[in-house]
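Q: Numbering (my numbering), first residue to last: 7 to 652.
I'd like to ask some things about the structure below.
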């Protein structure tokens with residue numbers, strides 16, 4: 007498939023020896039292009055731009071080619087004439103490690119040898135998604151990557167983690183936490199001179215990236231020359247542009263699709279995000295007193311319903327699709343993007359790539375409050391997550407894996423979940439391809455930690471003194487992890503796991519030089535920690551390799567047998583499990599799946615007529631030398647079994 011690059015409406019456009027600069031600022035009276043020699047320069051050479059009738063300002067230059075550092079100074083009723091802002095359509099940005107995320111734009115060369123690379127084509131129901139953070143995958147001392155914490159390090163051959171681990175697990179898709187340029191540094195901790203008094207984030211950092219500053223530019227902290235030294239500059243030569251393309255191409259060569267986590271619903275409170283200083287009334291939702299509306303909880307919601315903000319969102323997504331060959335997108339707080347824009351997103355993206363993957367974080371107690379499924383979007387199935395664990399917001403609440411039903415849940419809910427959470431069975435979705443089934447993502451406790459806490463293996467406020475002992479999963483805790491995984495991988499819908507879930511990763515707040523009173527405790531919200539709290543410890547993978555192999559086996563089971571992906575409700579024949587917290591069914595008269603959530607009681611069922619082999623049980627997944635099942639099917643507490651007709 008030939009990929010045709012998206013043409014942007016604004017930004018810097020290089021043609022032969024000419025560069026045209028274009029910005030939309032209809033309420034601005036005068037606009038100036040500012041050319042800098044160095045990123046550190048506070049002033050530069052100014053050139054007045056020409057205002058068009060539609061509110062665009064343009065200027066052509068014969069001297070500002072690739073490598074030019076530039077910005078804009080605007081004069082008008084909504085502008086600060088003393089502030090030089092970067093181009094909101096920057097294809098690359100040079101940014102300072104400070105709370106204001108001071109930035110300058112960089113003119114870059116778009117040419118790149120893709121070597122015939124194109125998008126991965128995959129049925130949504132076949133997706134096995136591995137959510138990962140670029141830096142976390144290789145930054146830990148146990149990683150053998152040479153360029154730790156970088157795009158380049160992620161795809162190094164021969165390492166013990168990174169892409170080598172992802173390939174070994176057999177997943178076919180990665181979902182990458184935000185890599186659009188974002189505000190890394192937040193307000194300094196307990197600084198009385200700061201505009202906002204920060205008494206909640208002793209790290210003064212944003213590690214996860216959910217504060218986009220430049221929607222077209224890549225995050226340069228993860229480039230091979232990235233630095234986190236305060237007040238230093240990242241992105242000086244724009245190398246992140248090609249290093250992300252190298253990363254995507256490497257995943258594609260391995261047959262792995264790439265989903266980008268994108269944040270269009272808000273920006274940072276503190277950075278000099280250009281849209282704030284161009285026309286905040288156009289790009290942000292404001293109340294009657296002209297204050298930012300903050301339904302996102304992050305300070306300022308973007309105004310997606312305005313034609314120019316909508317245009318920016320659509321052009322940005324299409325740009326990443328075509329310029330970077332991104333296969334799909336996960337939209338942060340998707341319901342804050344207005345319905346008309348969401349419809350345009352799916353229509354226009356599918357017109358470019360019919361196989362584009364679109365996922366939304368819906369926000370709405372796990373249901374479908376804004377008709378995502380009706381539009382053809384997939385969303386994260388919170389009912390699946392909470393049905394198995396209990397409410398993500400209440401560690402005291404126990405779900406299926408603890409031998410209980412939460413709230414009004416019952417066996418019918420379990421049956422609904424395994425069939426794909428379809429509406430005709432009290433689920434949320436028109437089709438199972440819209441249900442992203444998951445037990446864990448970057449938010450909240452890891453699945454392993456939720457089991458540790460709610461299962462009574464550790465107290466949520468306990469200070470862990472032996473992190474190695476805490477990380478090890480065995481006996482009952484191992485059984486519960488396996489059962490959750492077995493339920494996940496045998497259910498209809500999209501399958502999603504988070505980095506380290508395959509070894510029941512535990513996030514214990516790491517020793518640090520900052521005044522964090524929670525050091526040693528299990529962390530449920532590690533968004534601000536660029537340290538060993540978040541970095542993957544590859545020794546822990548080896549400690550829990552039995553669970554890792556179980557996950558790997560389940561991925562292969564799901565890939566090998568389409569019945570676990572492409573079945574319909576009529577293909578299920580549910581078996582009687584009495585009053586047990588369990589679900590059991592015959593699938594297409596070819597498989598038997600029994601999932602026993604009881605923590606103390608063994609489940610014993612009659613074997614259906616015929617000979618049946620064990621593909622998976624409480625010990626292992628075995629797709630080759632399968633053991634023949636006896637007359638009775640015996641499923642121990644907190645375990646499951648998968649049988650295949652001989």
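For each residue, glycine too, the CB sits at the ideal point set by N, CA and C.
1. With 16 as the cutoff for other CB atoms within 10 Å, does residue 460 come out buried or exposed?
2. Return the chain-ordered list of same chain residues with a C-beta closer than 6 Å to the C-beta of residue 633, the five sequence neighbours on each side being excluded.
3. Is residue 502 near residue 444, with beta carbons less than 8 Å apart?
4. Where does the unbroken alpha helix (DSSP H) through residue 554 begin, and where does it stop?
5. Take the Cβ of residue 521 as the centre, count every other Cβ of all protein chains shown within 10 Å, and call the residue buried at 16 or more, exposed below.
6. When you compare only the Cα positions, how much space is there between residue 615 and residue 596?
7. Go through the segment 365-415 residue by residue and report every complete run of the beta strand (DSSP E) that reaches 3 residues or more, in order.
8. Does the beta-carbon distance from residue 593 to residue 569 come in below 8 Å?
9. For residue 530, which residues from the same chain have a beta carbon less than 7 Å from its beta carbon, with the 5 sequence-adjacent residues on both sides left out?
10. If you count every other CB in all the chains shown that lies within 10 Å of the CB of residue 652, and 16 or more means buried, which is it?
11. Would the segment 393-409 and the segment 338-348 be scored as touching if the rule is three or more Cβ pairs under 8 Å?
12. Over the uninterrupted beta strand (DSSP E) stretch that includes residue 612, give me the two end residues.
13. Going by DSSP, name the residue or residues bridged to residue 435.
14. For residue 570, which of helix, strand or coil comes out of DSSP?
15. What are the residues that DSSP puts in a beta bridge with residue 633?
16. Tell me, to the nearest whole angstrom, how far the beta carbon of residue 28 is from that of residue 223; I am working on the premise that it is less than 8 Å.
17. So the candidates are 465, 435 and 558; which of them puts its Cα closest to the Cα of residue 492?
18. Would you give the residue range spanned by the beta strand (DSSP E) that residue 142 belongs to?
19. Looking at the unbroken alpha helix (DSSP H) that takes in residue 313, where does it start and where does it end?
20. Are there 16 or more other CB atoms within 10 angstroms of the CB of residue 357, so buried, or fewer, so exposed?
21. Who are the near neighbours of residue 476 in its chain, counting only those whose CB is closer than 6 Å to its CB and skipping five residues on each side?
22. Use the C-beta contact count for residue 203: other C-beta atoms within 10 angstroms, 16 or more gives buried, fewer gives exposed.
23. Give the C-beta separation of residue 225 and residue 447 to the nearest angstrom, bearing in mind that I take them to be a contact with Cβ-Cβ under 8 Å.
24. In chain order, what residues of the same chain have a beta carbon less than 8 Å from the beta carbon of residue 350, not counting five sequence neighbours either side?
25. Which partner residues does residue 308 have in the DSSP bridge list?
26. Considering residue 75, what are the terminal residues of the beta strand (DSSP E) in which it resides?
27. Counting only the same chain and skipping the five closest in sequence on each side, list residues whose C-beta sits under 6 Å from that of residue 496.
28. On the DSSP letters alone, give me the boundaries of the alpha helix (DSSP H) that residue 352 sits inside.
29. Between residue 321 and chain D, is any beta-carbon pair separated by less than 8 Å?
30. Using only alpha-carbon positions, find the residue among 645, 509 and 467 that is nearest to residue 474.
31. Going by CA-CA distance only, name the one from 36, 91, 84 and 24 that's closest to residue 48.
32. Comparing alpha-carbon positions, which option in 216, 230, 433 and 380 lies nearest residue 302?
33. Specify whether the segment 101-111 and the segment 126-134 touch according to this definition: at least 3 beta carbon pairs, one from each stretch, less than 8 Å apart.
34. Answer yes or no: do residue 243 and residue 106 have a C-beta to C-beta separation smaller than 8 Å?
A: The structure says:
1. Translated into the one-based positions of the chain shown, residue 460 becomes position 454. It is buried - the Cβ of residue 460 has at least 16 other Cβ atoms within 10 Å.
2. Position 627 of the chain shown, counted from the first residue, corresponds to residue 633. Excluding residues within five positions, the ones whose Cβ falls inside 6 Å are 620.
3. Sequence index remark: in the chain shown, residue 502 carries index 496 (1-based). Sequence index remark: in the chain shown, residue 444 carries index 438 (1-based). A contact, by the Cβ cut-off of 8 Å.
4. Mapped onto the chain shown, residue 554 falls at position 548. Where residue 554 is concerned, the enclosing alpha helix (DSSP H) stretches over 551-566.
5. For the purposes of this step, residue 521 is taken as the residue at position 515 of the chain shown. Residue 521 should be labelled exposed.
6. Along the chain shown, one-based indexing puts residue 615 at 609. Along the chain shown, one-based indexing puts residue 596 at 590. So the alpha carbons of these two residues sit roughly 11 Å apart.
7. 384-386
8. In the chain shown, counting from the first residue as 1, residue 593 sits at position 587. In the chain shown, counting from the first residue as 1, residue 569 sits at position 563. Against a cut-off of 8 Å, the Cβ pair of residue 569 and residue 593 comes out as a contact.
9. Taking the first residue of the chain shown as position 1, residue 530 is located at position 524. Excluding positions up to five away in sequence, the list reads 450 and 451.
10. Counted from its first residue, the chain shown places residue 652 at position 646. Exposed.
11. no
12. Translated into the one-based positions of the chain shown, residue 612 becomes position 606. For residue 612, the enclosing beta strand (DSSP E) has its first and last residue at 609-612.
13. Within the chain shown, the letter at position 429 stands for residue 435. DSSP output for residue 435 lists 428 as bridge partner(s).
14. Numbered from its first residue, the chain shown carries residue 570 at position 564. In the structure shown, residue 570 sits in a helix (DSSP, three-state: H, G or I).
15. Working through the chain shown from its first residue, we reach residue 633 at position 627. Answer by DSSP bridge pairing, in chain order: 620.
16. Within the chain shown, numbered from 1, the residue matching residue 28 stands at position 22. Within the chain shown, numbered from 1, the residue matching residue 223 stands at position 217. With a Cβ gap of about 16 Å, residue 28 and residue 223 do not count as contacting.
17. The residue labelled residue 492 in the question sits at position 486 within the chain shown. Among 465, 435 and 558, the Cα nearest to that of residue 492 belongs to 558.
18. For this step, residue 142 is matched to residue 136 along the chain shown. Premise fails: residue 142 is in no beta strand (DSSP E) and is neither H nor E.
19. Counting from one through the chain shown, the residue named residue 313 turns up at place 307. Per DSSP, residue 313 belongs to the alpha helix (DSSP H) from 313-329.
20. Locating residue 357 in the chain shown gives position 351, counting from the first residue. Label assigned to residue 357: exposed.
21. For the purposes of this step, residue 476 is taken as residue 470 along the chain shown, with counting starting at 1. Excluding sequence neighbours, residue 476 sits near 470 and 512.
22. Along the chain shown, read from residue 1 onward, the residue named residue 203 stands at position 197. Per the 10 Å Cβ criterion, exposed.
23. Working through the chain shown from its first residue, we reach residue 225 at position 219. Working through the chain shown from its first residue, we reach residue 447 at position 441. That pair is no contact at about 20 Å.
24. In the chain shown, the residue the question calls residue 350 occupies position 344. Closer than 8 Å at the Cβ level, and outside the excluded window around residue 350, lie 316 and 320.
25. Residue numbering aside, residue 308 sits at position 302 when the chain shown is read from its first letter. Beta-bridge pairing links residue 308 to 290.
26. Stepping through the chain shown from its first residue, residue 75 is reached at position 69. Start and end: 75-81.
27. One-based indexing of the chain shown puts residue 496 at position 490. Excluding residues within five positions, the ones whose Cβ falls inside 6 Å are 570 and 599.
28. Along the chain shown, one-based indexing puts residue 352 at 346. Its alpha helix (DSSP H) spans residues 345-358.
29. Included in the structure is just one protein chain, with no chain D present.
30. Reading the chain shown from its first residue, position 468 is the one you call residue 474. For the residues 645, 509 and 467, the minimum Cα distance to residue 474 belongs to 509.
31. By 1-based counting over the chain shown, the position of residue 48 is 42. Out of 36, 91, 84 and 24, the CA that lies nearest to the CA of residue 48 is found in 91.
32. Within the chain shown, numbered from 1, the residue matching residue 302 stands at position 296. Cα-wise, what sits closest to residue 302 is 216.
33. Output reads no: the segment 126-134 does not touch the segment 101-111.
34. Taking the first residue of the chain shown as position 1, residue 243 is located at position 237. Taking the first residue of the chain shown as position 1, residue 106 is located at position 100. Their beta carbons are not under 8 Å apart, which means residue 243 does not touch residue 106 by this criterion.
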